[in-house]
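Data first, discussion second: the structure below is written as structure tokens.
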Amino acid sequence: MSNAPVQKKSAKPENKYRGTLNLPKTSFPMKANLVQNEPNSVKRWKKMKLYERLRELGKDRPRFTFHDGPPYANGSIHLGHVLNKTLKDLVVRSRTMMGFDTPFVPGWDCHGLPIEHRVVSDLVESGKIEKIKSLDDDARKSAIRSECKRYAQKQVKLQAGELERLMTLADYDAPYLTMAPPFEGAVLDALATLVEQGLVFRALKPVHWSIANETALAEAELEYQDREDLSVYVDFEAVDAAAVYAAFGIDEAARTDRDLGQTPSFMIWTTTPWTLPANLAIAVNTRFEYSLVQVDGNVTVLASELLEKVTKAAKAEQVEVLATAKGSALAGLHYRHPFVEAAPKPLGEPDADTSTCYTVVEAEYVTLEDGTGLVHTAPGHGADDFQTGDRVGLPVYCPVRHDGTYDETVPEWLRGLDIWDANEQITDRLRSSGHLFYSHRFMHSYPHDWRSKTPVIFRCTEQWFIGVDVPLERAGKSLRDLALDAVATGVGFVPEWGRNRMRGMVETRPDWCISRQRSWGLPIPAFFLPDGQTLMTAAVVRAVGTLIREQGSDAWFKGTPEELLVHYDMDDDPDIEDGLRTSLRGSGFAVLTKGPDILDVWFESGSTWNGCMRERIGDDGVPVELYLEGSDQHRGWFQSSLLISLGVTGKPPFRAVLTHGFMVGKDGKKLSKSAGHTVGDLFKLYGADVIRWWVCSLSYENDMKVDDEFFKLAGESYRKVRNTLRFMLSNLADFTPGTPGCDDGHCVSTADMPATSIDSWALAAYDALEKDVIGAYERYDFRAAHSLLYDFCNDTLSSVYLAAVKDRLYCDKIDAPRRRRTQTVLWDITDGLSRLLAPILPHTADETWRALHRVDPKDIERSVHTETFLSAGRDRAFDATADERWAKIMQLRDAGLLALEKGKSELGVENPLDAGLTLPNPDGLLDGFDVLDLADLHGVSRVELDATAAAPVLIDLRNEPRCDRSWKRDGTVKARADGGMLSDRDADAVGQTA
RNA sequence: GGGCCUAUAGCUCAGUUGGCUAGAGCGCGCCCCUGAUAAGGGCGAGGUCACAGGUUCAAGUCCUGUUAGGCCCA
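For the first sequence, this note's numbering begins at 12 and goes up steadily by one.
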């Protein structure tokens, strides 16, 4: 505190007129008590069947098709869900109130590894797994599946409850679940069409392989974590020393001259020594320059540019460059594997051609970023390597078994060894045999299984793929081409840069591996003949799909091939090969075995446009107007949905794609999982409306910072809005709309409202607000809507209009026309505002609207949420016309307030009601305006106009009499018969005419 | 390592196709009101536009690089 003497305010003047005022009165509480009251709103909406009611109302309205991307059914919702689902709800509710029928079916992704992993862990913990382990394959899978199903159902219920608490409006009575039989049938229908289009094939490919879960993983199932690995530089000795020297321009004579007796080596670098047994080639870039160097007595080859870096790191003492050559000169040279005698043949392929092995080959992807410029190539363990091997004709050699141990094709000392243990052993072996130039431990970012958190390896296995570069039967174009076309022109992106991002991803994405080796999922309905031939035509997939639609995918694990193929007619299948048909005709389906693979869950979620929208909403449910998810879904759901839809229908499943960023901590860094409150805590601490108000204020296109403090701030700003609404309600206690002259739904008769009145100004400001807010909702610019609404409440209403009309509301006679006119406007604005706020603050808006309309608390039928925005279906909410000079007058007001402030300090006038203002009136700017309005607008006692003044000037009225009732010094104040000092207006109001 | 994105006041963000003294809200400071009162109002102070170069008559805005951060991939 300052040390100025504290002056006691003189006691308030006696308030004998207080009882004659129309002071605000309301039961609408200042304290929202959201935590207690929101659940009651939720209950009421449930009871009134709000969702169904809206569908009924929407029957004749245009439809806005919107679609929920299914969250994974696991665990309580977190902030990411809150963000995503609130944004979706803003779309649903705002479009509904614009007058669209906006059905919204919530969905859950139910199959997949995370649930299976969790369930199996629980089974292990409880000991039940032992019993299950002893069962045969199908029975074991069925047992695990039934546990998974139960678990998933529980999770769906949990999350749905939390989302209802968040007050999101959706068909929670009938969500779509990817594990529901009809949905499964729809997924297989989509798969069948892709098979028909020739896009589905089985191939050996290196895939990300989780050793812990013994399954191939999708890109989306990987997460990158730091890991310490061994980085090794290994010398691979050349077979023909002379050829290498020759490649570097050193002929035999020169070699003898320079006493170069040693056989040179090729130095490669790898961070996965365990893949060295599978090395079949060394790749160089033809454009780079390579050096033949003598390093501490050894002669070796590496890229010139990396020479210094590598030798320095290894602390080599003597480094001498003997010669240099282009990479192209090295191609074709042969080398000896440091510990494998003869090029190995893959297991079960005794006839494999190994003649091209152990050769230096060319590859574009070789860079000078790391390593030596000579790249260790193991086609069985890397995507690039696989491609190179494919190109130069190397066998696909993968000596690592599904459990992460070596098979018997490797040297004896490695057989059966775990690959992670092999890293050390191989390095030691190389060191002792003199092949290791240098090794060190280092940290790098490495892909991990998102579930088990264990490192993932590349490993070749037989998998089902969707080819993205295979031309479709129907279109002649590949999925990649179709997708690139769609991204370029067929789809809208919010924000626009999503287009670039997605194009980049579509351009570079590999074929889609759609098979998984697990239990909890939708089976890929493939059958195998004893000789290994595969039966999976479109008709087979459809037939099994029909069965699964009836009985669910459990049927696959319980039925025999004959039972599963009851709907399949071989003679009616145009795609089955004749040989296969003949053979099956002889043997019957009994000889078939069921394929062991289930579908990638991304294929299921990528089919929701079909399984949910087309099946539930109808044929006009697709294409969906908007998909709305986090920006990680450019690679995930957006892309899987796009590819499947293009493959099946030839069209994208969505017209536009909206992405939001991610929650980060206060410091802008990734949110740590343990930090901060749970969503449940947030509901208890702040209430859903405050959380939604906060979400609405975010610029969702980038990262968004979260912190407890931000929720507190949102709470404060929510309270400001609430208070504004409350104040308006409190001034409507004695007002009933629907008096004569009122028209449909609201009660203002604009004809009686002069364009120069402040009421017209306010109503016109509301009109403008509604237009802007709806525009913002249409653009999904919720942040703009939020700030428009906030500013309107604070600025237009609280600071300007409500401040100005207080005097007439309190002091005018209760039914004075001027007062009633203002109340009419207040009523209309409150009505309109509660509608505009309804998408953001479902509880508070409904509370306000019901209070305004005096809905009986027991009446559950009426709600703002079955209303529309006032302007829905027409031009404007009200046909208010404000005089166009108002904009200038508001500028003048700012100058007036400044003059008041100046007067305060210069003249010591503290209370604005002790002052009047002389306002400049050039060119009749203020002609036709009510000086009483103008005075109230500045909060002063009176206003005088001066055509010649340049700026507002304060008039000191401290010596003029003050009205005991209105506290104004308006020039009409005088002593009245009752002994009070009253202005004419106040005297009239209290019946003192004398 | 690559692709996409972000960096403006203490905080959260605006800032159109380059063009006035870079704006708003919150917070902060001072003041008013006490008839919206665990409310309301007025005024004010805050910025080397991440950093370093470049293009231009002119750069927060365009280009290059650096740093920090996010998503996706390798």
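Built from N, CA and C at the ideal position, the CB exists for glycine as well.
(message) In this structure, how does DSSP classify Ala354 when only helix, strand and coil are distinguished?
(response) Residue mapping note: residue 354 aligns to position 343 of the first sequence, counting from 1. Residue state, collapsed to three classes: coil.
(request) Might you give, ordered along the chain, the residues of its own chain that have their beta carbon closer than 6 Å to the beta carbon of Val1001, omitting 5 neighbours on each side? (result) As a first step, residue 1001 must be located in the first sequence, where it is residue number 990. Counting only Cβ-Cβ distances below 6 Å, and skipping sequence neighbours, we find Thr31.
(message) Along the chain, where does the beta strand (DSSP E) containing Gly726 start, and where does it finish?
(response) Sequence index remark: in the first sequence, residue 726 carries index 715 (1-based). Careful: Gly726 lies outside any beta strand (DSSP E), inside the alpha helix (DSSP H) at Asp719 to Ser741.
(message) Given a cut-off of 7 Å on the beta-carbon distance, is the pair Ile293 and Glu173 in contact?
(response) Here residue 293 is taken as the residue at index 282 of the first sequence, counted from 1. Here residue 173 is taken as the residue at index 162 of the first sequence, counted from 1. It is not a contact, given that the beta carbons lie outside the stated cut-off.
(message) So the candidates are Ala961, Ala185 and Glu136; which of them puts its Cα closest to the Cα of Trp119?
(response) Counted from its first residue, the first sequence places residue 119 at position 108. It is Ala185.
(message) For Tyr777, count the other beta carbons within 10 Å of its own beta carbon; 16 or more makes it buried, fewer makes it exposed. Which is it?
(response) Counting from one through the first sequence, the residue named residue 777 turns up at place 766. The residue is buried, with at least 16 neighbouring Cβ atoms inside 10 Å.
(request) Measure the CB-CB distance between Asp719 and Leu45 and report whether it falls below 7 Å. (result) Within the first sequence, numbered from 1, the residue matching residue 719 stands at position 708. Within the first sequence, numbered from 1, the residue matching residue 45 stands at position 34. No, the pair does not count as a contact, with Cβ atoms beyond the cut-off.
(request) Figure out for me which residue from Ser443, Thr282 and Ala389 has the closest Cα to the Cα of Thr370. (result) Working through the first sequence from its first residue, we reach residue 370 at position 359. When each option's Cα is compared against that of Thr370, the closest is Ala389.
(message) For the stretch 335-345 against the stretch 359-377, do three or more pairs of beta-carbon atoms, one drawn from each stretch, fall closer than 8 Å, so that the two count as touching?
(response) Remark: three or more beta-carbon pairs, one from each stretch, lie closer than 8 Å, so the stretch 335-345 and the stretch 359-377 are flagged as touching.
(request) Would you check if the distance between the CB atom of Gly907 and the CB atom of Ile966 is smaller than 7 Å? (result) Residue mapping note: residue 907 aligns to position 896 of the first sequence, counting from 1. Residue mapping note: residue 966 aligns to position 955 of the first sequence, counting from 1. No, these two residues do not count as a Cβ contact at 7 Å.
(request) Would you give the residue range spanned by the alpha helix (DSSP H) that Met513 belongs to? (result) Position 502 of the first sequence, counting from 1, holds the residue named residue 513. In the DSSP assignment, Met513 falls within the unbroken alpha helix (DSSP H) covering Gly509 to Thr519.
(request) Flag this pair as touching only if the stretch 206-213 and the stretch 469-483 have three or more C-beta atom pairs under 8 Å; answer yes or no. (result) Cβ pair count under 8 Å is three or more, so yes.
(message) Taking the beta strand (DSSP E) that Glu234 belongs to, which residues open and close that run?
(response) The sequence position of residue 234 within the first sequence is 223, counting from 1. Start and end: Leu233 to Glu248.
(message) Taking its Cβ as the centre, do 16 or more other Cβ atoms sit within 10 Å of Lys99, making it buried, or is it exposed?
(response) Here residue 99 is taken as the residue at index 88 of the first sequence, counted from 1. Around the beta carbon of Lys99, a 10 Å sphere encloses 16 or more other beta carbons of the protein chains shown; the residue is thus reported as buried.
(message) Pairs of beta-carbons, one from the stretch 238-253 and one from the stretch 338-357, closer than 8 Å: are there three or more?
(response) When Cβ pairs closer than 8 Å are counted between the two stretches, the stretch 238-253 is seen to touch the stretch 338-357, the count reaching three or more.
(request) Would you mind stating whether Ala223 and Thr465 have Cβ atoms separated by less than 7 Å? (result) Position 212 of the first sequence, counted from the first residue, corresponds to residue 223. Position 454 of the first sequence, counted from the first residue, corresponds to residue 465. For Ala223 and Thr465, yes; Cβs fall inside 7 Å.
(message) Less than 7 Å between the beta carbons of Pro963 and Leu930, yes or no?
(response) One-based indexing of the first sequence puts residue 963 at position 952. One-based indexing of the first sequence puts residue 930 at position 919. Yes; because the gap between Cβ atoms is below 7 Å, this pair is in contact.
(message) Measuring CB atoms only, is the stretch 632-650 touching the stretch 665-682, in the sense that at least three cross pairs come out at less than 8 Å?
(response) Segment contact: the stretch 632-650 against the stretch 665-682, three or more CB-CB distances shorter than 8 Å; contact assigned.
(message) Let me make sure I understand the geometry here. Which of Gln436, Ser132, Thr226 and Arg491 has the alpha-carbon closest to that of Ile655?
(response) Residue mapping note: residue 655 aligns to position 644 of the first sequence, counting from 1. Residue Arg491 is the option with its Cα nearest to Ile655.
(message) Among the candidates Leu124, Leu385 and Met278, whose CA atom is the shortest distance from the CA of Leu228?
(response) Sequence index remark: in the first sequence, residue 228 carries index 217 (1-based). Comparing Cα-Cα distances from Leu228 to each of Leu124, Leu385 and Met278, the minimum goes to Leu124.
(message) So, with DSSP's three-state summary, where would you put Met764?
(response) For the purposes of this step, residue 764 is taken as the residue at position 753 of the first sequence. Judged by DSSP in its simplified three-state form, Met764 adopts coil rather than helix or strand.
(request) Could you check if Tyr28 is buried or exposed, using at least 16 other CB atoms within 10 Å of its CB as the buried criterion? (result) The count along the first sequence starts at 1 and reaches residue 28 at position 17. Classification of Tyr28: buried, given that the 10 Å Cβ count is 16 or more.
(message) Does the stretch 430-444 come into contact with the stretch 324-331, if we say contact requires no fewer than three beta-carbon pairs (one atom in each stretch) closer than 8 Å?
(response) With a cut-off of 8 Å, the stretch 324-331 and the stretch 430-444 do not count as touching, because too few Cβ pairs lie within range.
(message) For a quick check, are the C-beta atoms of Asn95 and Pro284 less than 7 Å apart?
(response) Residue numbering aside, residue 95 sits at position 84 when the first sequence is read from its first letter. Residue numbering aside, residue 284 sits at position 273 when the first sequence is read from its first letter. In this structure, Asn95 sits away from Pro284, with a CB-CB distance that is not shorter than 7 Å.
(message) Using CA atoms only, rank isn't needed, just tell me which of Thr859, Phe940, Ala910 and Thr877 is closest to Lys899.
(response) Here residue 899 is taken as the residue at index 888 of the first sequence, counted from 1. Out of Thr859, Phe940, Ala910 and Thr877, Phe940 has the C-alpha closest to the C-alpha of Lys899.
(request) Would you kindly work out how many angstroms separate the C-alpha atoms of Gln273 and Val321, rounded to a whole number? (result) Translated into positions along the first sequence, residue 273 becomes position 262. Translated into positions along the first sequence, residue 321 becomes position 310. Approximately 21 Å, taken between the alpha carbons.
(request) Take the Cβ of Asn26 as the centre, count every other Cβ of all protein chains shown within 10 Å, and call the residue buried at 16 or more, exposed below. (result) Translated into positions along the first sequence, residue 26 becomes position 15. The residue is exposed, with fewer than 16 neighbouring Cβ atoms inside 10 Å.
(message) Output needed for His949: all residues of its chain with C-beta closer than 6 Å, excluding positions within five of it in sequence on either side, in chain order.
(response) Here residue 949 corresponds to residue number 938 of the first sequence, with the count starting at 1. Closer than 6 Å at Cβ, skipping near neighbours: Gly907 and Leu928.
(message) I need the boundaries of the beta strand (DSSP E) containing Ala253, first residue and last residue.
(response) As a working note, residue 253 is residue 242 in the first sequence. Annotation for Ala253: no beta strand (DSSP E) segment contains it, though the alpha helix (DSSP H) segment containing it runs Ala252 to Ala258.
(message) For Thr1004 and Pro765, I'd like the C-alpha separation in whole angstroms.
(response) Here residue 1004 is taken as the residue at index 993 of the first sequence, counted from 1. Here residue 765 is taken as the residue at index 754 of the first sequence, counted from 1. Straight-line Cα distance between these residues: approximately 28 Å.
(message) Looking at Gly391: is its Cβ nearer than 7 Å to the Cβ of Cys471?
(response) Locating residue 391 in the first sequence gives position 380, counting from the first residue. Locating residue 471 in the first sequence gives position 460, counting from the first residue. Yes, these two residues count as a Cβ contact at 7 Å.
(request) For Ser221, write down the residues that DSSP places opposite it in a beta bridge. (result) Residue mapping note: residue 221 aligns to position 210 of the first sequence, counting from 1. Answer is Thr226 and Val467, bridged to Ser221.
(message) Measuring CB atoms only, is the stretch 646-666 touching the stretch 46-65, in the sense that at least three cross pairs come out at less than 8 Å?
(response) The stretch 646-666 is not in contact with the stretch 46-65.
(message) Please state whether the Cβ-Cβ distance between Phe259 and Ala201 is less than 7 Å.
(response) Within the first sequence, residue 259 is the residue found at index 248, counting from 1. Within the first sequence, residue 201 is the residue found at index 190, counting from 1. When the beta-carbon positions are compared, Phe259 and Ala201 stay at least 7 Å from each other.
(message) Rounded to whole angstroms, what is the Cα-Cα separation between Val784 and Lys36?
(response) By one-based count along the first sequence, residue 784 stands at place 773. By one-based count along the first sequence, residue 36 stands at place 25. Taking the straight line joining both Cα atoms gives about 30 Å.
(request) Report the three-state DSSP secondary structure of Cys524 (helix, strand or coil). (result) By 1-based counting over the first sequence, the position of residue 524 is 513. Strand, per DSSP.
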